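Line by line, the protein sequences are chains A and B. For this note's numbering, add 294 to where a residue sits in the first sequence, where the first one is 1. For this note's numbering, add 294 to where a residue sits in the second sequence, where the first one is 1. Below is one structure; the comments refer to it alone.
There are 2 protein chains.
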Amino acid sequence: MFSTELLDKAARALAAARAAGVRIATAETCTAGLVSGCITAVSGASQTFERGFVLYHDSAKATGLGVPEEISRAHGAVSAEVTQGLAEGALAHSSAGVAVAVTGYAGPGGGSAKNPVGTCYIAAARPGMPTLVERHVFAGDRDGVRLAAVGAALDLIVKRLA
Amino acid sequence: MFSTELLDKAARALAAARAAGVRIATAETCTAGLVSGCITAVSGASQTFERGFVLYHDSAKATGLGVPEEISRAHGAVSAEVTQGLAEGALAHSSAGVAVAVTGYAGPGGGSAKNPVGTCYIAAARPGMPTLVERHVFAGDRDGVRLAAVGAALDLIVKRLA
């Protein structure tokens, strides 16, 4: 169900985490479990992938993983600040040594002037290191945007572990 | 990325939850986010799908959603008892009015004499009602077992809401 390209990225993220001796956690809004679903499509992931948090409804985003509501109000639920907070929150709510978070507008509705449909923020956090945050604007339909975000999240895990 | 059949099941689960005036939560081990990923492939799910918990590593299963470790030790992580506990735990850890949980052995490794590879337990919980639990043994490879479990989980949401 996932492309060979995505499965290769998942295998690289797992290998990087194994080499670093850490486990992976995820926090997802628009991809809603597809990052964790893709990582675990690789057999043997259970030694390295620990857990995932899917925050979808506004009530979940507001109360999940301890991102202060003021940050969400000030910057929007789809923002570098909230995504960084979710990645660091996933670290704090797990025993993982690296966590990746994704927020975005997969479409067809949603988006804003500043962040049109296709915009996704990806953040990767490790304890004691600066959290990496990227902004992407992906083309494509809902599926296409979500799968592109999965690929970017897997890549950012590898970058943060390098 | 999900078949039309699965997307139809997801749309039916969302429609049933909307009709009942409740939100949906998920707790997944072997499907690891594919149930939440499939539900949210349907545009407009954000009003009805609330949040999901992916518990993959043993440390996550032991500490996630409050299922007592004795239950896991006595019955195994892939069991009716643990799956029921996860569904009820997802209700307790959310504002959702219906929660579905999946545990299983997707293969190629794992499984036991009692629960061979392909065995999945699905549970659906609603406050004040008995939790429904089903056991399935699905044929197919890792992808096939996981996607069959997604379908069974979506169907059980509809059954518990009927």
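Beta carbons are placed, not taken as given, at the ideal position from N, Cα and C, and that holds for glycine. Quick caveat: nothing in here was measured; it's all calculated off a predicted structure.
Below 8 Å between beta carbons: does that hold for A/ARG317 and A/GLY422?
-> no
With a threshold of 16 other CB atoms inside 10 Å of the CB of B/GLU241, please say whether the residue is buried or exposed.
-> Absent from the structure is residue 241 of chain B, since the part of chain B shown begins at 295 and ends at 456.
Going by the C-beta, is A/ARG454 closer than 7 Å to any heavy atom of the ligand GDP?
-> As presented, the structure is devoid of all ligands, the ligand GDP included, so that no description of it is given.
What residues match up with B/ARG345 in a beta bridge as DSSP calls it?
-> A/LEU349 and B/ALA319
Partners in chain A for B/HIS369, counting only beta-carbon separations shorter than 9 Å | Under the 9 Å cutoff, chain A gives no residues; its nearest Cβ is about 19 Å from B/HIS369.
Same chain, Cβ closer than 8 Å to B/GLN378, five either side skipped, listed in chain order = ALA395, ALA417, ALA419, THR425 and VAL427
For B/GLU387, the three-state DSSP class (helix, strand or coil) | A small correction: the amino acid at residue 387 of chain B is His; Glu does not occupy that position in the sequence shown. Three-state result, B/HIS387: coil.
Please confirm if B/VAL347 has its CB atom under 8 Å from at least one CB of chain A.
-> A small fix is needed here, since residue 347 of chain B is Phe in this sequence, not Val. Cβ-Cβ to chain A under 8 Å: yes for B/PHE347.
Have a look at A/CYS414, A/MET295 and A/GLY403 and flag the residue whose alpha-carbon is nearest the alpha-carbon of A/ILE333.
-> A/MET295
Is it buried or exposed for B/ARG367, if we count other Cβ within 10 angstroms and need 16 for buried?
-> exposed
Are the segment 322–332 of chain A and the segment 300–311 of chain B in contact at 8 Å, needing three or more beta carbon pairs?
-> no
Taking Cβ to Cβ, would you say A/LEU301 is nearer than 8 Å to A/ALA339?
-> no
A/GLU457 versus chain B: which residues are under 7 Å apart at the beta carbon?
-> Residue 457 of chain A cannot be examined here, being either before or after the span of chain A that is shown, 295 to 456.
How about B/ALA374 and B/ALA319: do their beta carbons lie closer than 8 Å?
-> no
Compile a chain-ordered list of the residues in the segment 399–423 of chain A whose CB is closer than 9 Å to at least one CB of chain B.
-> ALA400, GLY401, PRO402, GLY403 and GLY404
What residues in the segment 299–313 of chain B have a beta carbon less than 8 Å from any beta carbon of chain A?
-> none
Looking at chain B, which residues of the segment 423–455 of chain A have a Cβ within less than 7 Å of any of its Cβ atoms?
-> ARG436, ASP437 and LEU441
What separation, rounded to the nearest whole angstrom, lies between the Cα atoms of A/GLY360 and B/VAL431?
-> 39 Å
Distance, B/VAL376 Cα to A/VAL452 Cα = 33 Å
Output yes or no for whether 8 Å exceeds the beta carbon distance between B/ARG436 and B/ALA400.
-> yes
Close-in-space but distant-in-sequence residues of the same chain around A/LEU349 (CB under 8 Å, 5 per side omitted) | ALA321, GLU322, THR323, LYS355, GLY358, LEU359 and LEU380
Residue ranges of each beta strand (DSSP E) run of no fewer than 3 residues wholly in the segment 406–454 of chain B, ordered along the chain?
-> 413–419 and 426–431
Using three-state DSSP, classify A/THR397 as helix, strand or coil.
-> strand
Which word fits B/ALA313, buried or exposed, when buried means at least 16 other C-beta atoms lie within 10 angstroms of its C-beta?
-> exposed
Residues within the segment 385–398 of chain A neighbouring chain B, beta-carbon criterion of under 8 Å | SER388 and SER389
Which residues of chain A have a Cβ atom closer than 9 Å to the Cβ of B/SER337, listed in chain order?
-> ALA400, GLY401, PRO402, GLY403 and ARG436
Among residues of its own chain, excluding the 5 on either side of B/TYR415, which ones have a beta-carbon nearer than 6 Å to its beta-carbon?
-> ALA374, THR377, THR397 and ARG429
C-alpha gap between B/LEU448 and B/VAL329, whole angstroms = 8 Å
Cβ-based neighbour list, B/SER388, same chain, cut-off 7 Å, excluding 5 preceding and 5 following = ALA319, GLU344 and ARG345
Determine whether the Cβ of A/SER366 lies closer than 8 Å to any Cβ atom of chain B.
-> no
Does B/SER373 have its Cβ less than 8 Å from a Cβ in chain A?
-> no
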